[in-house]
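Those sequence lines, one after another, are chains F and R. Sequential numbering of the first sequence, starting at 1, is according to UniProt numbering. Sequential numbering of the second sequence, starting at 1, is according to UniProt numbering.
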Amino acid sequence: MSTATVSPASTWDRVRTFTPPGRYLPLIATLALFIGLFGVGGMRYDGLSDPQVLISLLIDNAFLIVLGVGMTFVILTGGIDLSVGSVVALSTMIAAKTLQMGWSPYLSIAAVLLTGTVLGLLMGLLIHYFDIQPFIATLAGLFLARGLTYLISVESISINDPTFTSLAFKTVYLGDYYVRWTAIIALATVAVAAFVLARTRFGRTVYAIGGNESSAMLMGLRVAFTKVGVYVISGFCAALAGLLFALYILSGNSLHAIGMELDAIAAVVIGGTLLTGGRGYVVGSLLGVLVLGIIKTLISFDGTLSSYWIRIITGVLLLAFVVVQRFATRRRS
Amino acid sequence: MTETTTRVQRVLRHPLLWPVLALVVLVLVNVVARPSFLDVRMQDGHLYGNVIDILRNSAPVMLVALGMTLVIATRGIDLSVGAIAAIAGAVACTRIVGAGDEAALTTAVMAVTYALVVCIVLGAWNGLLVSVLGIQPIIATLILMVAGRGISMAVTDGQITTVNNPFFSDLASGFVLTLPLAFLIALAVLAFTAVLTRRTALGMLIEAVGINPEASRLAGVRARTIIWTVYAFSGLCAGMAGLVIAANTNSVNANSLGLWIELDAILAVVIGGTSLAGGRFSLAGTFVGAIFIATLARTIPNIGIPSEINYLFKAIVVIAVCLLQSPRARAVFRVRRTPRPPAAGPAPTAEPAPATAGVRA
């Protein structure tokens, strides 16, 4: 394009005429929303402009970030995973129970991750090989995981294994600020997932299935492997999120994480991923979680608003994003 | 001779065969575990017993499931019913507490009416998102599912509101003609829905919209109005269920009222043989499904398992029902079971064909 113009465009011209590709618009909208909320909050409440608040946002929502990553994979293929909240509860319970029984923490972590992955695999197989709708198959997963949690123990079990608790409170100092390991794990998950989606054959197949499953099949892509794979990833992520949640809350309880799947879905949608599949980014889900987190922080900073406003505002944001998505896709088609 | 075979075949092919059979098996398990399970006795002019309890406890799920049946028949789904139930309970309870005479009949009637109107409006909101804006049902109703419990808490100001109105609590614990009032309400709604959908063209129109909204619109069916009505009706049913649940405890807890009732209702609908792909529905099946879920909830403590493990059994039921309904799973099992008779084909192959068509449509 620049070859056609007589004089090469100045840097300013290039900045001025720059329009981001359409596929990044939802991401930019979410980022703008986050910055806007943070800016408004920073102006109204003194303590909020502290960068440590931003880092705490990552620490407090580490489990939700990981959950959002897994959910993004599933939603990109046009599916949905309702079981993640229950899998989180199951993971905290398995961790707490095995540690109480005196297992090595590493063995316990492995058991948790394996359970989540196997549950995801089972749901994926049901969905792909028996043509059961993702919604209903993961509903079975929701009941199954919650039932297993109750089967292990009806009462809450606290975690006081020294290795586990030291892991929970282990911090990394960056100058004056500190980060917990859980946040670093969450960010690493996002990075790995972003790489997989953007740069690997598996990731591109995920997008292809979300765009049109029949076309993906006719193109000879590995639809079965990928479709089962996304539920395996979601199950693994839910188990990992469960571990992070256990580290955060240091107990296993069958009443943990009720409705957390809704938060994860909301974060993914607010992050700009199309619920019909095929479009979206993991980074968007990260931003979506941060938006939900900053709303929570703002409400707790304010002090006069009750916590139930979080749910109402989440619903309103969800509505706004869904309606905008709807009109955006309608115009294109 | 031929007449008996056709009758047997008709029974064998009847869509309600499997749900009823499952229910019978469940009841038999109970009777084996505790022979007195089916005993019903008369006391203070009411019937008492496990069976009566099951009927009473099935009312909320049955109400929600009736609305859900019609929604699913239009190829939709309503995830917000639990939240709407919580809102109904919250609105009614705060109205009763705020009224001048808390225990009066008029207070209860006004509060219930008010709550139900709110629920119809909420249902219509879902219908608006689905039919006018064209948002996928699962997402459109997810919005209210997320926000609804917050709204319900905003109504009760985050408190557990306790009410003291005998007429309101009769909704759950009252008896009319020796039967629980809650069950009779559910039965009345079932009868009303059945007459409205099966004695008029409405049921066929709903199924037409479920099979192909665009084609039915071109054929002159007001698909948009029907979808809208169906969601408003689902909201109304959810509201009634919420009122029954709130009346049962005489209080409303916005966090727990009707928690996961949407999943139970969907389960009841699916057990009843209504296809999640839309296009056909069975109200009688939903009735059996709701009774099945209530019986399951009663069975588990009855055979000596902690009631929390209910979820595990529900998971097994969901998977079993889905596998039974899945054409692909049927094909797999059929091939395994009967590899030899290709000639005796017509009877077994004719039966799954509509199911396949229904799911693919």
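Backbone N, C-alpha and C fix where the C-beta goes; we use that ideal spot for every residue, glycine too.
Taking CB distances under 8 Å as the criterion, tell me whether residue i reaches chain F.
i	result
R:V318	yes
R:S251	no
R:A172	no
R:L133	yes
R:V11	no
R:R224	no
R:M153	yes
R:L236	no
R:S326	yes
Which residues mark the beginning and the end of the alpha helix (DSSP H) in which residue i is found?
i	result
F:L174	Not the alpha helix (DSSP H): F:L174 falls in the beta strand (DSSP E), residues T171 to L174.
F:G147	P134 to I152
F:Y106	P105 to Y129
F:R199	W181 to R199
F:S215	E213 to L218
R:A111	L105 to G127
F:S49	Element bounds for F:S49: n/a, residue is neither H nor E.
R:D170	P166 to S173
F:R14	T11 to R16
F:Y45	Here F:Y45 belongs to no alpha helix (DSSP H), and DSSP marks it neither H nor E.
R:V25	L17 to A33
When the Cα of residue i is compared with those of the options, which residue comes out closest?
i	options	result
R:T260	F:F73, F:V179, F:I127 and F:A140	Residue 260 of chain R is actually Trp in this sequence, not Thr. Residue F:A140 is the option with its Cα nearest to R:W260.
F:Y248	F:F63, F:Y24 and F:V40	F:F63
F:N253	F:L148, F:F18, F:I299 and F:T165	F:L148
F:I109	F:L187, F:L122, F:F38 and F:L90	F:L90
R:G242	R:S80, R:I211 and R:R41	R:S80
R:A88	R:T161, R:R56 and R:T106	R:T161
F:Y178	F:M217, F:L58, F:V322 and F:Y207	F:L58
F:S285	F:F321, F:F301, F:M123 and F:P51	F:F321
F:A239	F:L319, F:A328 and F:M71	F:M71
F:I35	F:Q133, F:F143 and F:L290	F:L290
R:L257	R:F167, R:M153, R:A104 and R:H14	R:M153
F:T117	F:V232, F:L318, F:K296 and F:R326	F:V232
R:L184	R:M62, R:L144 and R:T6	R:M62
R:T229	R:P60, R:A90 and R:L128	R:L128
F:V190	F:G39, F:V69, F:Q52 and F:R14	F:V69
If we cut at 8 Å on Cβ distances, does residue i have a partner in chain R?
i	result
F:M1	For F:M1, the predicted model reports a pLDDT of 47, less than 50, meaning its position is unreliable; a value from the coordinates is still stated below. Cβ-Cβ to chain R under 8 Å: no for F:M1.
F:T115	no
F:S306	yes
F:G147	yes
F:R311	yes
F:I299	no
F:V323	yes
F:A224	no
Roughly how many whole angstroms lie between the Cα atoms of residue i and residue j?
i	j	result
F:G47	F:L298	11 Å
R:L181	R:I77	28 Å
R:Y68	R:V244	It should be noted that the sequence gives Met, not Tyr, for residue 68 of chain R. Cα to Cα, R:M68 sits roughly 17 Å from R:V244.
F:M260	R:C93	28 Å
R:V25	R:L190	24 Å
R:V130	R:P213	12 Å
F:G79	F:A194	19 Å
F:K97	F:N160	11 Å
R:R95	R:L70	30 Å
F:S10	F:T19	16 Å
R:L324	F:A137	13 Å
R:T356	R:A215	Any reading at R:T356 needs caution, since the residue's pLDDT is 38, under 50, leaving its predicted position unreliable; the model's value is listed next. Each residue's alpha carbon lies about 20 Å from the other.
F:S156	F:G220	49 Å
F:S214	F:L33	36 Å
R:T197	F:F135	27 Å
R:R34	R:N57	20 Å
R:A353	R:R330	Low confidence applies to R:A353: its pLDDT is 40, below 50, so where it sits in the model is not reliable, and the reading given next is rough at best. When rounded, the distance between both Cα atoms is 11 Å.
F:K296	R:N126	26 Å
R:P15	F:G280	42 Å
R:N169	F:S307	According to the sequence as given, residue 169 of chain R is Ser; it is not Asn. If you take the alpha carbons of R:S169 and F:S307, they lie about 30 Å apart.
residue 362 of chain R	F:A216	Chain R is shown from 1 up to 361; residue 362 of chain R falls before or after that span and cannot be answered.
Taking 7 Å as the cut-off, is the C-beta of residue i nearer than that to any heavy atom in the ligand COA?
i	result
R:A277	As far as ligands go, the structure on display features none, and thus does not contain the ligand COA.
Terminal residues of the continuous beta strand (DSSP E) containing residue i?
i	result
R:M42	V40 to Q43
R:Y48	H46 to G49
F:Y24	Neither: F:Y24 is in no beta strand (DSSP E) and is coded neither H nor E.
For the segment 142-154 of chain R and the segment 310-324 of chain F, state whether three or more C-beta atom pairs, one from each stretch, are separated by less than 8 Å.
These segments touch.
Measuring CB atoms only, is the segment 40-58 of chain R touching the segment 291-308 of chain R, in the sense that at least three cross pairs come out at less than 8 Å?
Result yes; three or more Cβ-Cβ pairs closer than 8 Å.
Does the count of Cβ pairs from the segment 109-118 of chain R and the segment 191-204 of chain R closer than 8 Å reach three?
No: the two stretches stay apart, fewer than three of their Cβ pairs being nearer than 8 Å.
Given 8 Å, three or more beta-carbon pairs between the segment 78-85 of chain R and the segment 118-130 of chain R
Three or more beta-carbon pairs separated by less than 8 Å link the segment 78-85 of chain R to the segment 118-130 of chain R, which places the two stretches in contact.
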